[in-house]
Every structure is written in structure tokens, then in C-alpha cells.
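Chains as they are written, first to last, in my numbering: chain E, 3 to 312; chain F, 3 to 312. Glycine included, every Cβ here is placed at the ideal spot set by N, Cα and C. Step one of this worksheet: look at the structure below.
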């Protein structure tokens with residue numbers, strides 16, 4: 003615990019694995035670390051595949067390093083629930099920053115056996131926060147609900163778009179447009195950047211946010227490092243706005259409310275499972291598959307039994 | 003209930019809404035309908051944005067109609083958790099089949115307030131199954147974990163790829179390659195189709211499935227209706243294989259096991275919430291945001307209290 007708080011990279015890696023895999027002591031570890039959190043800025047960055055998220059996140063990390071801030075990156079990858087393997091690309095990326103202990107990169111390749119990906123990401127961010135990282139950058143592919151959920155719970159959410167995203171672009175956007183505190187048009191030297199900007203503006207003219215903030219649009223060419231300073235400045239602006247309007251605390255409470263529901267859901271499932279004997283779930287599943295039982299009555303029955311057994 | 007079973011479209015729409023929104027009586031409705039399910043073939047189709055899923059699903063629906071089968075389509079869209087609006091495109095699509103009561107299309111735009119998207123989709127499929135639809139086609143964008151989950155629980159899972167998917171194609175694929183019972187290369191008249199096929203074959207040569215099945219690769223040009231018959235034949239082949247090897251029941255039991263866990267998770271959360279007074283969740287969230295409490299101990303406390311209160 004002390005080692006984690008001092009930011010020792012090996013202790014950090016071990017602590018994150020413990021939390022990610024829900025290994026023995028994970029919950030005690032988080033309880034002990036929680037009082038030391040709340041200092042880091044947590045930024046969420048999302049966008050469709052091919053938007054250049056990793057490159058932009060790397061640029062932003064370098065920017066914060068120049069300002070002498072330490073950085074933690076959590077890269078959430080929609081990989082297989084089966085293989086559980088991390089993506090090669092991230093290993094290569096990691097080597098790129100290997101010389102700088104001020105940047106710590108963690109790939110979250112799978113959702114844990116318990117709890118959703120969003121839940122685990124929040125827990126890993128808690129560990130990084132307690133370890134004294136100044137900025138935590140969470141990067142996800144913004145298409146699935148899970149992935150959207152993750153960045154939505156950040157302090158500042160950046161949505162990255164690119165020109166020419168093809169047929170389903172409206173569909174992709176639908177899920178992530180509303181969560182943006184800041185828009186980035188990356189690869190903005192490509193044809194069609196103006197159109198993307200017009201589309202965002204058109205969307206913004208239709209609805210105003212309840213908090214009164216109009217998300218700015220920042221143009222970047224991350225591969226050449228262009229626009230990173232502007233993005234960093236836009237993040238500072240939004241943070242200042244939240245502070246001025248006293249919105250930061252409100253937002254934090256709302257986020258915790260959602261997280262609590264998720265945590266409660268998982269913990270209650272564990273409670274139910276702990277009271278079922280091994281194999282009973284499979285037996286029930288077979289009975290349902292044979293249509294000897296309906297699953298809806300069964301679940302009510304199991305839940306009802308919880309009170310009586312203890 | 004009777005009306006739903008007779009396939010009356012208005013009763014069906016009402017029943018699906020009840021289930022989707024968890025309105026009064028949803029659980030009783032599903033209990034009553036469940037014994038009448040298990041007859042429909044449930045096909046899941048997924049692929050990255052822009053793969054032409056909707057077009058292919060429509061072609062497949064037309065094919066089954068020619069064989070005099072009734073069809074239900076569930077189109078799952080990764081839209082905003084806020085607006086909850088269905089996508090315009092699906093309304094247009096719906097009109098296209100309006101004249102044929104043998105095709106019923108339902109857009110699932112949002113995840114319900116309770117339960118994940120996968121859970122709700124399974125329940126909606128139950129309603130369609132009980133209403134006597136012969137084939138149920140579930141279509142999702144295959145990038146997020148949630149979306150992958152949905153089609154994985156189908157009887158047959160079809161993964162749709164297209165040539166030239168850009169930078170992150172490896173990342174997209176990672177999540178959905180293993181769940182494919184059948185691969186489709188759509189827009190196969192485009193350059194790069196051979197390469198996609200080679201990549202799939204290369205992947206297949208690395209690992210064999212535990213059930214011994216090698217997913218075939220079907221090439222289609224859905225916009226011109228090419229390859230639909232071949233896809234339908236591949237689906238029949240896989241179903242025959244499952245039957246011959248006695249795998250269908252096994253798969254069904256496994257699917258139900260996973261669904262039961264999800265259902266239990268939600269039901270237990272409801273139980274926990276029912277015993278918390280209104281506003282207490284918000285109060286707790288505020289205390290956590292102020293760092294007066296740690297959420298991990300709090301959740302244990304709430305779960306522990308469940309037994310005593312009843």
C-alpha cells in the first residue's frame with residue numbers, strides 16, 4: 003500500500019492487477035487507497051475506430067510531462083472475452099515511453115470476471131489517483147455503451163472525430179455526441195474537416211446543455227503534434243468553467259451515484275451466488291433450456307430465498 | 003397475452019414496449035410467454051459500422067419470406083443514453099417492409115433503465131419467439147462488449163466484415179472474430195476482399211474451435227442481393243452440424259447460464275434498492291464525493307444490511 007502511494011511502478015502494476023482480476027484483498031486495497039484519491043484530473047477520450055485516439059493521447063501525455071505533471075494512461079480495448087490478451091500495439095506504445103517513469107500506461111484488455119469494464123476502469127483510476135499521478139487519461143473506443151459509459155464518468159470528456167468516417171457515421175456519433183465536453187477533429191488536414199465542424203455546430207444549435215456549457219471544437223493533426231496545446235487549453239477552460247459555476251462537485255456526486263449502483267449490482271450478485279451450491283446454476287440453465295422451468299420465476303425464487311437462508 | 007401469441011402486431015408492439023421499459027406486469031408477461039418459446043431460430047448478425055448489416059439483414063429477411071417463414075428483426079443501435087431516440091433510418095426501413103406483415107422490425111435504441119442491453123434484447127426475442135415468428139434476426143454494431151454479448155447469445159452468430167476497414171481494423175476484429183459461426187465478407191466486389199479472406203483463414207489456421215466447427219466464409223454484395231442464398235445455406239449447414247453433434251442443447255444451456263447471471267444481478271440490485279429510502283443513494287454519493295466515506299466499505303455495509311432488515 004505504502005509503495006503504491008509512493009508511486010513505485012512495480013507495486014502499482016501489482017495493485018492494478020489485483021483490482022482488475024479481483025484477486026484476494028482487492029476490496030481492502032481499494033478501501034485503503036480511497037482516502038488518498040481525488041487529487042488527479044481524470045480525462046476521458048473517446049472516438050470511433052481509426053480516429054487516432056492513441057496518438058492524440060500520447061501527444062497530450064507529452065504535453066503534461068512538459069508541465070512536469072505525472073501521467074497515467076488507461077487504454078481500454080474492446081478485445082475478446084475469450085483470449086483476454088492485450089493488444090500488441092500497446093506494448094509497442096509502452097516501450098515508446100519506457101524511458102520516462104512519469105508516464106505509466108496500462109492496457110485494459112478484458113472486462114473482469116466480476117463487474118463490468120466501466121466499473122473496473124474506475125477502480126484502476128482510483129489506484130492511479132492514490133499513487134499520486136497528476137493526470138489520468140482514459141482512452142476508449144467510443145461505440146459500445148460500455149465504452150461510452152467509461153469516459154462519461156471522467157471529469158472531462160473529449161470526443162474525437164475525423165473527416166470522412168463513412169456510411170454509419172451518424173450512427174457512431176449518436177452515442178457519443180452528447181457526452182462531449184470538448185470536440186476534437188483529428189486528422190483535420192484531411193478533406194471534409196470543415197464538414198465535420200459544420201455538423202457539430204448544427205447539432206449544437208439544436209440543443210443547449212443543462213449546464214450552459216458549449217463544447218468547443220479543437221482541430222488537431224495528432225501525428226504531427228498539431229493542436230495539442232489548444233486541446234490542453236480547452237480542457238483548462240472547461241475545468242475553470244466547472245469551478246466558477248460550482249458544477250464540479252455536482253458532477254462528481256452524479257458520477258458516484260451511478261458508480262454506486264454498478265457496485266451494488268455486482269456485490270448483490272456475489273451474495274446470491276455465494277448462497278447457491280456449486281453446479282446449481284448449470285442445473286437451472288439445463289432445466290430452462292429443456293423448458294421445464296421459466297427463468298423469470300426462478301430468479302424471483304432465488305432472490306426471495308436470500309433472506310431466509312441467513 | 004393471447005393476442006401476442008396469435009401474432010397480432012399491435013399487441014406485439016405493446017408487449018415489447020412493456021418488456022423493454024420494464025413497465026408494470028413485464029415479468030408476469032414473460033413468465034406467461036416463456037413456455038411458448040423455443041421454436042424460433044435466433045440468428046445474430048454483427049459487424050463494424052459501415053459493413054452493410056442492415057442491408058444484409060433485409061436481404062436475409064426477404065429470403066426467409068420467400069420460404070414462407072415469418073421474420074422478426076431486432077435492430078440494436080448504440081444511440082445515446084440521454085435522448086433515447088430511435089434512429090431515423092430504421093423508421094424508413096420499417097416503411098419498406100410495411101406492406102408485409104410477415105416481417106416485424108423493432109429498433110432497440112436504448113438500454114432500459116434496469117438491466118443491460120443484452121438482457122433486454124433476450125427478453126424481446128422471447129416475446130417475438132412466443133408470438134410465433136419463425137426466424138428472429140438480431141442485428142448489432144459489433145464493437146462494444148455489450149453488442150458482442152448480444153449476438154453471442156444467438157443460436158447462430160454471423161460476423162460481417164468488409165474490405166478496407168482502415169487503421170483500427172485489427173482492433174475491431176479482435177472482439178468479434180471468435181464469436182463467428184459464419185463469416186460474411188460483404189461488399190465483396192470491392193478491392194481487398196481477397197485480403198480479408200486470407201486474414202480470416204490465417205486466423206483460423208492458428209486455433210481450432212472446441213466444438214470442431216470451422217466457420218465458413220461467405221461473400222456477399224448485399225446491395226445487389228448477391229450471396230444471400232449462400233449465407234442462408236451456410237446457416238442451415240451450421241444448424242445441421244449442431245444437431246448432428248448434439249451441440250445445440252449444450253450451447254443453449256451455456257447461454258442460459260450466462261443469462262441467468264445477468265438476470266440475477268439485476269434482480270438483486272432491485273432488492274437492495276427497494277430497501278434503501280429515497281434519496282439515500284444521492285446522500286451516499288455526496289459523502290463519497292466529499293471523501294467522508296469510502297464507497298467500497300459502504301457497499302459491503304448495504305449488502306450486509308439486506309438480511310437483517312427483512
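Contacting residues, own chain, Cβ-Cβ under 6 angstroms from residue i (five flanking each side not counted)
i              : result
residue 213(F) : 249
residue 171(F) : Note that residue 171(F) scores a pLDDT of 47, beneath 50, so its modelled location is shaky; the value from the coordinates is reported in the next line. Excluding sequence neighbours, residue 171(F) sits near nothing in its chain.
residue 66(F)  : 73 and 137
residue 253(F) : none
Cβ-Cβ distance between residue i and residue j below 9 angstroms
i              : j              : result
residue 210(E) : residue 58(E)  : no
residue 218(F) : residue 251(F) : no
residue 161(F) : residue 181(F) : yes
residue 246(F) : residue 143(F) : no
residue 240(F) : residue 296(F) : no
residue 108(E) : residue 15(E)  : yes
residue 256(E) : residue 280(F) : no
residue 283(E) : residue 263(F) : yes
residue 6(E)   : residue 129(E) : yes
residue 302(E) : residue 29(F)  : yes
Which of helix, strand or coil DSSP assigns to residue i
i              : result
residue 189(E) : coil
residue 230(E) : helix
residue 163(E) : strand
residue 276(F) : helix
residue 43(F)  : strand
residue 201(E) : helix
residue 26(F)  : coil
residue 156(E) : coil
residue 134(E) : coil
residue 33(F)  : helix
residue 294(E) : coil
residue 282(F) : helix
residue 109(F) : strand
residue 2(F)   : This structure leaves residue 2(F) out entirely; chain F is present only between 3 and 312.
residue 10(E)  : coil
residue 260(F) : helix
residue 77(F)  : strand
residue 246(F) : helix
residue 253(E) : helix
residue 57(F)  : helix
residue 303(E) : helix
residue 222(F) : coil
Proximity to residue i [Cα-Cα], best of the options
i              : options                           : result
residue 194(F) : 220(F), 183(F), 166(F) and 216(F) : 166(F)
residue 243(F) : 282(F), 158(F), 131(F) and 42(F)  : 158(F)
residue 220(E) : 163(E), 285(E), 5(E) and 15(E)    : 163(E)
residue 77(E)  : 274(E), 49(E) and 133(E)          : 49(E)
residue 52(E)  : 216(E), 187(E), 263(E) and 235(E) : 187(E)
residue 320(F) : 308(F), 105(F) and 301(F)         : The question about residue 320(F) has no answer, for chain F in this structure spans 3 to 312.
residue 131(E) : 270(E), 291(E) and 36(E)          : 36(E)
residue 151(F) : 123(F), 224(F) and 291(F)         : 123(F)
residue 191(E) : 75(E), 290(E), 223(E) and 40(E)   : 223(E)
residue 235(F) : 30(F), 34(F) and 69(F)            : 69(F)
residue 64(E)  : 103(E), 201(E) and 38(E)          : 103(E)
residue 290(E) : 38(F), 204(F), 302(F) and 11(F)   : 38(F)
residue 258(F) : 298(E), 22(E) and 23(E)           : 298(E)
8 angstroms contact criterion, which residue i and residue j should meet: CB distance rounded
i              : j              : result
residue 125(E) : residue 32(E)  : 6 angstroms
residue 268(F) : residue 121(F) : 7 angstroms
residue 62(E)  : residue 228(E) : About 13 angstroms; that fails the 8 angstroms criterion.
residue 155(E) : residue 4(E)   : That belief does not hold up - the Cβ atoms of residue 155(E) and residue 4(E) are roughly 28 angstroms apart, past 8 angstroms.
residue 153(F) : residue 40(F)  : Their Cβ separation, rounded to whole angstroms, is 19 angstroms, which puts residue 153(F) and residue 40(F) out of contact at 8 angstroms.
residue 266(F) : residue 271(E) : 6 angstroms
Cut-off 8 angstroms between Cβ atoms - residues of its own chain near residue i, not counting five sequence neighbours on either side
i              : result
residue 293(E) : none
residue 27(F)  : 20
residue 274(E) : 304, 305 and 308
residue 135(E) : 9, 42, 72, 73, 74 and 106
residue 25(F)  : 19
residue 197(E) : 165
residue 34(F)  : 3
Cβ-heavy atom distance, residue i to the ligand SAH, below 8 angstroms
i            : result
residue 6(F) : Absence of the ligand SAH from the depicted structure is noted, as is the absence of any ligand whatsoever, leaving it without description.
Residues near residue i by beta carbon distance below 7 angstroms, same chain, minus five either side
i              : result
residue 127(F) : 44, 76, 138 and 140
residue 216(F) : 206
residue 189(F) : 54, 164, 165 and 223
residue 202(F) : 185 and 219
Beta-carbon neighbours of residue i, restricted to chain C and to distances below 7 angstroms
i              : result
residue 293(E) : Here chain C cannot be found, since the structure's protein chains are E and F.
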